[in-house]
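Structure record follows, encoded as structure tokens.
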Amino acid sequence: MRNVYFNHDGNVDDLDSLILFLEMPNINILGISAIGADSFVTPAVAASRKLVDYLGKGRKISVAQSNSRPAHEFPKLWRMNAYTFNDFPVLNEHGHTPKAPLAKKPAHLDIIDKVKASDKKVTLVMTGPLSDLARALKVEPSIQDKIEKVYWMGGTMDNKGNVVEPEADGTQEWNAYWDPEAVKVVYDSKLPLVQVGLNSTKQVPLSQKVRDHWASLCKYPAENLIGLGYAMMHPFGTGYYLWDVLTMIISYFPEIAKSKQIKADVITTGAAAGRTYETKNGRPVTLITDVDAKGFYDRIDQLCKNSAK
Numbered sequence: 001m002r003n004v005y006f007n008h009d010g011n012v013d014d015l016d017s018l019i020l021f022l023e024m025p026n027i028n029i030l031g032i033s034a035i036g037a038d039s040f041v042t043p044a045v046a047a048s049r050k051l052v053d054y055l056g057k058g059r060k061i062s063v064a065q066s067n068s069r070p071a072h073e074f075p076k077l078w079r080m081n082a083y084t085f086n087d088f089p090v091l092n093e094h095g096h097t098p099k100a101p102l103a104k105k106p107a108h109l110d111i112i113d114k115v116k117a118s119d120k121k122v123t124l125v126m127t128g129p130l131s132d133l134a135r136a137l138k139v140e141p142s143i144q145d146k147i148e149k150v151y152w153m154g155g156t157m158d159n160k161g162n163v164v165e166p167e168a169d170g171t172q173e174w175n176a177y178w179d180p181e182a183v184k185v186v187y188d189s190k191l192p193l194v195q196v197g198l199n200s201t202k203q204v205p206l207s208q209k210v211r212d213h214w215a216s217l218c219k220y221p222a223e224n225l226i227g228l229g230y231a232m233m234h235p236f237g238t239g240y241y242l243w244d245v246l247t248m249i250i251s252y253f254p255e256i257a258k259s260k261q262i263k264a265d266v267i268t269t270g271a272a273a274g275r276t277y278e279t280k281n282g283r284p285v286t287l288i289t290d291v292d293a294k295g296f297y298d299r300i301d302q303l304c305k306n307s308a309k
């Protein structure tokens, strides 16, 4: 049984990833934390705690709140989704105060404590910026010895980013752009890194067919919640992908993806800040390249059906 810690940044795809995380059998969830990157952190943490209450099957899992700050902030309108998710009636049926405990320390210190206390090496799943992990490494670099692998949704290796901002050149992915220095800290570490970048996430779009499929399975509480969450993303049209959910699924079902070994680095300043790129002088990275899309969507169903047991 693996020991796993999940750090996310609180938008719909993060919270839907948390739903799947809570339904994964045969893992030991050490902790969860949320950072206010693609969200406002207070509702993101509250929603996370309510999901633990709703789907945690009585497990005592704490949620830590990050106090990390950005180099470049996500658009405000995107960040508002955490408030809506936190207000879903099914998560507030028994009141607005979650029972799942709030961790006593901020996220980066919570990561340190949970990793150090673990009886075996820990897998980290990161679906937001790498800020909390980078800060943890600066405070306690020895935790590297107890981390087996890091799965990160972030970056792109083809210079085709998703950041459209006045002072950015468009080659960056948002999680890397939010805190380029954090990417550099993690790249400069010895942690084994599996990177799920934009090149692979584009293979798993949020389509109407997928929405209709989830609707047909809404009798399962987890599937219903995932469908409700992604219903909020309709304004994105055909430009929305299951970025974070893919990363979570790959961390549990690695057989659905193909990868290659590359060496990578990141630019931390200027108009290209946050650009990740291949270079022979970079650090080793396992880059996800191809995804079995059908296998991916099937495994979402497989996990969601656990919520009826």
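The sequence shown begins at 1 in the UniProt record's numbering and counts up one residue at a time. All residues carry an ideal CB built from backbone N, CA and C; glycine is no exception. This structure is a prediction, so every number in the text was calculated from the model and none was measured.
- Setting aside the 5 residues that flank it on each side, Val41 is surrounded in the same chain by Gly10, Ala34, Ile35, Gln65, Ser66, each with a C-beta closer than 7 Å to its C-beta; the list follows chain order.
- Within its own chain, the residues whose Cβ lies closer than 6 Å to the Cβ of Leu130, once the five positions on either side in sequence are excluded, are Ala182, Val183, Val186, listed in chain order.
- Taking a 10 Å sphere around the C-beta of Gly270, we find fewer than 16 other C-beta atoms and assign the residue as exposed.
- DSSP places Val245 within a helical segment (H, G or I) once states are collapsed to three.
- Between the alpha carbons of Asn281 and Ile267 lies a gap of roughly 13 Å.
- Ala82: member of the alpha helix (DSSP H) spanning 81–86, first to last residue.
- Rounded to whole angstroms, Gln172 and Gly274 show a C-alpha spacing of 5 Å.
- By the CB criterion at 7 Å, Ala44 and Ala82 fall inside the cutoff.
- With a cutoff of 7 Å on beta-carbon distance, Thr247 and Gly197 are scored as not near each other.
- Per DSSP, Phe6 lies in no alpha helix (DSSP H); the unbroken beta strand (DSSP E) holding it starts and ends at 2–8.
- Look at Ser259 here: in three-state DSSP terms it is strand.
- Taken through DSSP and simplified to helix, strand or coil, Arg283 comes out as strand.
- Judged by beta-carbon spacing, Ala215 lies beyond the 7 Å limit of Gly229, meaning their Cβ atoms are not closer than that value.
- Minimum Cα-Cα distance from Ile300 among the listed residues Ser118, Thr84, Leu18 corresponds to Leu18.
- Runs of alpha helix (DSSP H) with 4 or more residues, each lying fully within the region 63–151, are found at 76–79, 81–86, 107–117, 131–139, listed in chain order.
- A distance of 7 Å or more separates the beta carbons of Asn7 and Met80.
- Runs of the alpha helix (DSSP H) spanning 4 or more residues and lying entirely within the region 156–234 occur at 174–178, 180–187, 198–201, 208–216, 221–231, in chain order.
- Nearest to Ile143 by alpha-carbon distance, out of Ala117, Val164, Asn159, Val163, is Ala117.
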